[in-house]
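Accompanying notes for the structure given below.
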Amino acid sequence: MQEQHGLTRESEIPSALKQWLYASGSLTLQLTELAGGQFAVQPVTEHFQRLNRKDAQWMNMPFHHTSWVRESCLYGSEAEPWVKAKSIFPILSLHSRARIFRHIRTKPIGFFLFQRTSPACERRVVRLADGWTRQSCYTWHGCKFIVQETFLPAFERFLQQRSNIIE
């Protein structure tokens with residue numbers, strides 16, 4: 001686990017978020033279950049950009065390689081978004097089976113990613129300006145890409161309120 005500007009300790013992570021940051025499987029399904037069946041994806045932007053050096057190294061791609069980036073907000077049962085998601089697909093992946101991810105609009109990536117498969121995943125947990133973030137580098141049908149999920153303050157508040165009700 002690392003932080004953007006140095007190392008961080010697992011003990012710094014709020015206990016309510018630990019299970020979410022380290023959970024395997026589909027975040028889509030997990031959030032939908034937590035929200036009593038409610039879940040929505042709101043795309044914010046989709047664009048092409050060059051890979052940064054850190055992401056390129058993680059995916060074993062040339063750092064000058066172009067990628068397609070999708071940023072979206074994930075909503076549960078609240079009016080405020082719970083998660084800010086960013087997906088980075090190198091162009092080479094989009095010429096293969098991962099090309100379906102370019103045209104999913106408001107469908108969650110997890111719907112396709114975990115359908116009849118368990119992709120290989122490397123994970124790192126970092127603290128970014130928007131909140132605690134899990135970055136996952138998936139290998140899916142030979143395609144590598146990164147999915148970054150930042151758990152926003154509204155999600156932490158929801159977990160806290162839920163825990164107060166259960167206690």
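Anchor point for the sequence shown: position 115 equals 115 in the UniProt record's numbering, and the numbering is continuous, going up by one each time. Where is the CB? At the ideal position from N, CA and C, for every residue including glycine. Treat the numbers as computed from the prediction; the structure is a model and nothing was measured.
- DSSP places Glu33 inside the alpha helix (DSSP H), whose first and last residues are Leu27 to Leu34.
- In the structure shown, Ile146 adopts extended strand secondary structure according to DSSP, grouped into three states.
- Here Asp130 is exposed: its Cβ has fewer than 16 other Cβ atoms, across all protein chains shown, within 10 Å.
- Counting along the chain, the unbroken alpha helix (DSSP H) around Gln19 starts and ends at Ser15 to Tyr22.
- The beta carbon of Thr117 is closer than 8 Å to those of Trp140 and His141 in its chain, skipping five residues each way along the sequence.
- For a cut-off of 8 Å, the C-beta gap from Leu17 to Phe151 is around 6 Å, short enough to register as a contact.
- Under the three-state reduction of DSSP, Glu78 is assigned to coil, being neither helix nor strand.
- The Cβ neighbour count for Thr45, taken over all protein chains shown within 10 Å, is under 16; the residue is labelled exposed.
- Here Leu152 carries a coil assignment [DSSP, helix/strand/coil].
- Contact between Pro90 and Leu51 is confirmed by a C-beta separation of about 7 Å, below the 8 Å threshold.
- For Ser93, the closest alpha carbon among the candidates Ser15, Gly37, Ala56 and Leu31 is that of Ala56.
- From the listed residues His64, Met61, Glu10 and Ser87, the smallest Cα separation to Gln135 is found for Ser87.
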